[in-house]
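Enquirer: Take a look at this one; I'll ask things after.
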Amino acid sequence: MKFFVDSANLEVIKNALELGLADGVTTNPTLIAKEGKDFKKIINDICKIVDGPVNVEVLSMDFEGIIKESRELVKWGSNIVIKIPMTRNGLRAVKKLNELKIKTNVTLIFNASQALLAARAGATYVCPFVGRLDDISHNGMDVIHDILHIFSNYDFECEVIAASIRNPLHVLEAARIGADIVTVPSNVIEQMILHPLTDIGIKKFNEDWKKVQNEK
Ligand code: G3P
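Counting from 1, position 182 in the sequence shown corresponds to residue 185 in my numbering; the numbering is continuous, with no gaps.
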């Protein structure tokens, strides 16, 4: 399973790179706004350090606007993927961009029907939002499972990115059911690293080692 970093923060992305957990990056307008810097500079800086796909979201909602924005955004880096919200115009744009050999990621996917249409339009990736579905008492991971099943029925090349990841169990479950990619915020990686028994074990090893040193 590939790990993408769900952040526009350069330090967070650098930390993930050090752990081998930055196969790509996903951003969205909220994550970009959090950085409080120039949009283009943020993306240029990310593209300098990440070899994999850097997903950048368009803000236009009309077909011509999405295409115009996409043509501009792909100039910002050779690894840019255009992230497009799931709408009728978005799907039209995905089809057109596919013809132009521009990679796309259809975002804000909340059910398998939406994912199926996105794949048929030619999306490179779909981003079902697991956490936001869980928030409204729908099982987000069931949607991922359903999409994976449908895509495998037809050998669709479109990859499934489990997004809106809120905790380590989301990552584990995505891995269990075979999601192609999981895009993870930094706090979840930190939670995955830690285990109290690991800390207790390290403490005991150190104490035992010191005892022997003192006896010498
Ligand atoms: O990748 C999508 C993600 O950024 C949204 O996460 O936690 O705002 O639902 P969240």
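Ideal Cβ placement from N, Cα and C applies to all residues, glycine included.
For residue 157, write down the residues that DSSP places opposite it in a beta bridge.
Expert: Answer is none; residue 157 lacks a bridge partner.
Enquirer: With a CB to CB cut of under 6 Å and the five nearest residues on each side skipped, what residues in its chain are close to residue 106?
Expert: Taken in chain order, the residues that qualify are 84, 127.
Enquirer: Where does residue 191 sit, in a helix, a strand or coil, going by DSSP?
Expert: Of the three classes helix, strand and coil, the one that applies to residue 191 here is helix, per DSSP.
Enquirer: Where residue 61 and residue 129 are concerned, what is the direct C-alpha to C-alpha distance, given to the nearest angstrom?
Expert: Residue 61 and residue 129: Cα-Cα distance of roughly 15 Å.
Enquirer: Mind checking residue 178: buried by the 16 CB within 10 Å criterion, or exposed?
Expert: It counts as exposed.
Enquirer: Compute the minimum distance between the beta carbon of residue 36 and the heavy atoms of the ligand G3P, and state whether it is under 8 Å.
Expert: No - the ligand G3P has no heavy atom lying nearer than 8 Å to the Cβ of residue 36.
Enquirer: Hey, how far is the Cα of residue 221 from the Cα of residue 114?
Expert: Only positions 4 to 219 of the chain appear in the structure, and residue 221 is not among them; the question remains open.
Enquirer: Ends of the alpha helix (DSSP H) at residue 56?
Expert: Per DSSP, residue 56 belongs to no alpha helix (DSSP H) and is neither H nor E.
Enquirer: If you scan the region 36-93 from start to end, which runs of the beta strand (DSSP E) of 3 or more residues do you find wholly inside it?
Expert: Qualifying beta strand (DSSP E) stretches, in chain order: 57-60, 83-88.
Enquirer: Anyone know if the C-beta pair for residue 169 and residue 149 falls short of 9 Å?
Expert: No. Outside cutoff.
Enquirer: With burial defined as no fewer than 16 other Cβ atoms inside 10 Å of the residue's Cβ, what is the status of residue 100: buried or exposed?
Expert: It counts as buried.
Enquirer: Over the uninterrupted beta strand (DSSP E) stretch that includes residue 165, give me the two end residues.
Expert: 162-165 is the extent of the beta strand (DSSP E) around residue 165.
Enquirer: By alpha-carbon positions, which one of 42, 108, 52, 202 ends up nearest to residue 273?
Expert: Coverage of the chain is limited to positions 4 through 219, which leaves residue 273 absent and any answer about it impossible.
Enquirer: Spell out the partners DSSP gives residue 28 in its beta bridges.
Expert: Per DSSP, 8, 57.
Enquirer: So the alpha helix (DSSP H) residue 180 belongs to, where does it begin and stop?
Expert: Where residue 180 is concerned, the enclosing alpha helix (DSSP H) stretches over 171-180.
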